[in-house]
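**Q**
Protein chains in written order, with my numbering: chain A, 1 to 341; chain B, 1001 to 1393; chain C, 2001 to 2369.
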């Protein structure tokens, strides 16, 4: 056996420097040992994962990565971003190449049960829609019989699309593409009549069009797409950390903890829920295996859910998305995080 | 080496000094080492699969696919199985490989012969073409041709030929034949024509070898292939209908559509492999010594006959082996279809892999299929080589 | 009967006259090479027409009407190409996401390649013997420079990108595949049946499957074959499969070289009493490798072109950097310019290497005979 170990080591001499980790089974320990969180994100989707002028990755999904890094390592900047296409995102998570996948992934039965992953919550309630040119002269997706539809392979949107057309007894020509950028190129060149993906993705893509008013998003939302981050099955502690990071973000918005005032609230407030979350009371951090101020680091790093939404997807951004279903339950939306007690 | 006085029994030292024993021991060690390595990998894989809750096995071939494929040669719908989807992908790979091989050969032979012509300008232009396509990665060329084809007119401005063929950036749409009942007879008579051509050809060749009399095999062969089938076709009332493309709101419907992805992949592969083939053809023709041409002319053979009977057969001996390996490269390069969205075997396998999670099985199938294709081509090449091998004197 | 003699007597040589105008000089050359027959004439006219259509348009687009400066695509207002992205993004194309203060390390590693290769390709060089030790240690030196460690800041491999990634994967693949290829080639010719069969199987398997499937193996399957808590970088895994792929081709090239070594060399070595390894190491392999060098260079050119395939598994090589750049709203729609630039770069590098290998081949031909 030793010769084989030597063989493996000789073949990959730079592995230890390159980030190999040996020996521990728990993801939290691996992340702490490596000193960096490996987070899988999109290759490029405006609003969710994109590079700013300095070349740093930022966006709605990227913010979650930073939040988990802040919780586990204390610093939201200690993230290694791994850009993944629709095709290799699941293998990357399954193989250990990344610790958490934050790539607007739909929570479905088969992904949860069959592929061996654990979804830690929903950070964006979405649905699948279509975008097409107004010059097509149709008002509803049910008039799309015979159209060419650009579709990303390996996604739930591909399956929903097939179901929608089959149930409505229409035919279509699928134009398979790998990434959002290819879809945009093909759609703008009129290789396909409509492009279908999650409504948030449609809004994101629309911002990159030159004459955005020439295009419309059709009213039909043909599926439920609860988008959320996921981790591997089998490591409950790590799943809990990711899950409660998301819940902390939502609860922070509910209780009015923001990036600006978390420093002040750290020292104590009237709300026992906030005190428990920020570590002044109780020992929530220790139960997770983290420090007392894990949630403080999270909120200091990225803000609460509402701030993240407004910063990347909200009405002041190019995407201009309304909170809609993604508002707190107290404001008519679906976001309801369990109490931190 | 026998040394007198040393008993010829087993000595441990002979393990080291006797070459046969040494090689046997070495081979046993190699086999053991390989077995250990394989066992190491298999146990790791089992552990990893268990930790993820995945089960190996080919049962998923029977699961419903739920996704659609646009370019398909056989019937397929989103309710078909994963297995059928993979078959569709394999047929697409074979389709683009076959088309590519034919056109690459045509392009390669033409370019190779043209490069050898007297025309300086044409020779230089061909050189530029060959050098450029050989030195740019084929993936870039495929993406380039796809961008060019996506720049074709949009559906509303389609170019049409004769009102039956429509060209736009969604593909080339042409009438598809619908075979009606009587067509079976046409096929039978065509098959009989093929058999007849074969036998007539053999008889003509024998007669030519024995007596030197020529026989217009080309015309007779064409006639035998076409005429019986044509007569039966007309007599049985032309049992062939055409599914004409018609314009609907978004697209053309009906007929047979060749997507721009297929055309781009086919064209890129043809020009890329064609440039390699042109170099092979050029080297092959140059390898036939000039003395052969001169001797043929001295015998009174005209240039056309010289080329056909003397030069080409000898050049083919040099051309065929590298040619088959270029064909194999073309088949393997067709797997780059995944980059432009042509759903070939690798691309559909990738989708299946994602939807079902069974990575090992899908990758294994890929390897097996491509290996079979390459081994079949190697076997054919070996057979051809032994068939036409020059007898060494 | 005397008749007028039918010949004319001449006491001096006639003065030389120039050949007919139609067969010499420029006109003669044009007639022979461009218009020697009706087919040739048609082809020439077609060729000239094509050139006349393409070349002025191409030059206009690429140079005369093009924009060379600007902050985003809106600064490119002319009808020609937009090269404004060049001075802003050229670093990304060359180095990927490598930290810009550390790119000198990449440059040094590349510069050191020349003295590392020189003693292998030119064995008459002065000091070649000593430089060969440097060649041997160059892979370690280059790895250290690129990844860091003691003294130099660590740069994780996921930051590799652009041309640097293509060159790194290609070079690493070729360099590491050389010893493996030698072993495989020797194994293929071995008299031991098991070794021969195993080498043959390895070579046939890795030559028979497309590189894309091997890249998928690297991305998806290799992590499964390794112990559950042992993980390797994606770039390292890609180098492993590319090495295996290149070894199969290298083995065939070296096998050709081994076959080209005259049988007399083996027999003479036997006569001198040299065993198998001494024969191979001292007599046969040096000659075989020298003969194989053009083939090795060709394999490297092919491998270098194939490194663009890593885009399929999400690595940011130069092609992917181009794609990502045009996805940015600042640089939308510049697909043609980026493709032209990347194609030109590959063409220049690969063409010069292939010209060089032709020169090498000619030199080796004359030196051997």
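We put the beta carbon where it would ideally sit given N, CA and C, even for glycine.
DSSP three-state call for residue 160/A: helix, strand or coil?
**A** helix
**Q** How should residue 329/A be labelled, buried or exposed, when 16 other C-beta atoms within 10 angstroms of its C-beta is the threshold for buried?
**A** exposed
**Q** Going along the chain, which residues of its own chain have a beta-carbon closer than 6 Å to the beta-carbon of residue 295/A, five neighbours each way excluded?
**A** 248, 277, 278
**Q** Buried or exposed for residue 1075/B, going by 16 or more other Cβ atoms inside 10 Å?
**A** exposed
**Q** Would you check if the distance between the CB atom of residue 1099/B and the CB atom of residue 1345/B is smaller than 7 Å?
**A** no
**Q** Can you tell me whether DSSP reads residue 2291/C as helix, strand or coil?
**A** helix
**Q** Pick helix, strand or coil for residue 1117/B, following the three-state DSSP scheme.
**A** coil
**Q** For the beta strand (DSSP E) holding residue 196/A, just list the boundary residues, first then last.
**A** Counting along the chain, the unbroken beta strand (DSSP E) around residue 196/A starts and ends at 194-198.
**Q** CB-CB under 7 Å to residue 1201/B, same chain, minus the five flanking residues each way: which ones, in chain order?
**A** 1217, 1221
**Q** Step through the CB atoms of chain A and report whether any lies within less than 7 Å of the CB of residue 2308/C.
**A** no
**Q** If we cut at 7 Å on Cβ distances, does residue 2116/C have a partner in chain A?
**A** no
**Q** Using a Cβ cut-off of 7 Å, which residues of the region 83-105 of chain A contact any Cβ in chain C, in chain order?
**A** 83, 84, 85, 88, 91, 95, 96, 97
**Q** Check each residue of the region 167-183 of chain A: if its Cβ is closer than 8 Å to any Cβ of chain B, include it; give the result in chain order.
**A** 172, 173, 174, 175, 176, 177, 178, 182
**Q** Is it right to say residue 1358/B is buried, meaning 16 or more other beta carbons lie within 10 angstroms of its own, or is it exposed?
**A** buried
**Q** Where does residue 42/A sit, in a helix, a strand or coil, going by DSSP?
**A** coil
**Q** Run the proximity test for residue 1178/B: is its beta-carbon closer than 6 Å to any non-hydrogen atom belonging to the ligand MN?
**A** Among the components of this structure there are no ligands whatsoever, and the ligand MN is therefore not found.
**Q** According to the neighbour-count rule (16 or more other Cβ atoms, all chains shown, within 10 Å of its Cβ), is residue 2075/C buried or exposed?
**A** Label assigned to residue 2075/C: exposed.
**Q** With a threshold of 16 other CB atoms inside 10 Å of the CB of residue 2069/C, please say whether the residue is buried or exposed.
**A** exposed
**Q** Just tell me which of 2277/C, 2332/C, 2250/C, 2288/C has its CA closest to the CA of residue 2263/C.
**A** 2288/C
**Q** Below 6 Å CB to CB, which residues in the same chain sit around residue 2180/C once its five sequence neighbours on both sides are set aside?
**A** 2247
**Q** Whose C-beta lies closer than 8 Å to the C-beta of residue 50/A among residues of the same chain, with five residues either side of it excluded?
**A** 44, 57, 58, 59
**Q** Quick one: measure Cβ to Cβ for residue 1101/B and residue 1340/B, integer angstroms, because I've assumed they're closer than 8 Å.
**A** That pair is no contact at about 20 Å.
**Q** Write down the C-beta distance between residue 1239/B and residue 1180/B rounded to the nearest angstrom, noting that I regard them as a contact closer than 8 Å.
**A** 4 Å
**Q** Could you list which residues in chain C have their beta carbon closer than 9 Å to that of residue 1027/B, in chain order?
**A** 2192, 2193, 2194, 2195
**Q** Let me know if residue 77/A comes out buried or exposed under the rule of 16 or more other beta-carbons within 10 Å of its beta-carbon.
**A** exposed
**Q** Beta strand (DSSP E) containing residue 147/A: first to last residue?
**A** 147-152
**Q** Take residue 40/A as the anchor and find which of 47/A, 54/A, 94/A, 263/A has the nearest alpha-carbon.
**A** 94/A
**Q** Taking Cβ-Cβ distances below 8 Å as the criterion, which residues of the region 2230-2253 of chain C are in contact with chain A?
**A** For the region 2230-2253 of chain C, which is checked against every Cβ of chain A, the residues closer than 8 Å are 2230, 2231, 2232, 2233, 2234, 2235, 2236, 2240.
**Q** The alpha helix (DSSP H) spanning residue 2130/C covers which residue range?
**A** Here the alpha helix (DSSP H) through residue 2130/C covers 2128-2147.
**Q** Is the beta carbon of residue 304/A closer than 7 Å to that of residue 260/A?
**A** With respect to the 7 Å criterion, residue 260/A and residue 304/A are not classified as neighbours on the basis of their beta carbons.
**Q** Smallest Cα separation from residue 255/A: which of 186/A, 221/A, 306/A, 143/A?
**A** 306/A
**Q** Kindly indicate the opening and closing residues of the alpha helix (DSSP H) around residue 954/B.
**A** Examination of residue 954/B is not possible in this model, given that chain B is present from 1001 through 1393 alone.
**Q** Output the distance between the C-alpha atoms of residue 245/A and residue 298/A, rounded to the nearest integer angstrom.
**A** 7 Å
**Q** Restricting to Cα atoms, I'd like to know which of 243/A, 151/A, 171/A is closest to residue 202/A.
**A** Of the listed residues, the one whose Cα sits closest to residue 202/A is 151/A.
**Q** Just to confirm the assignment, what range does the beta strand (DSSP E) spanning residue 102/A have?
**A** That run of the beta strand (DSSP E) goes 100-106.
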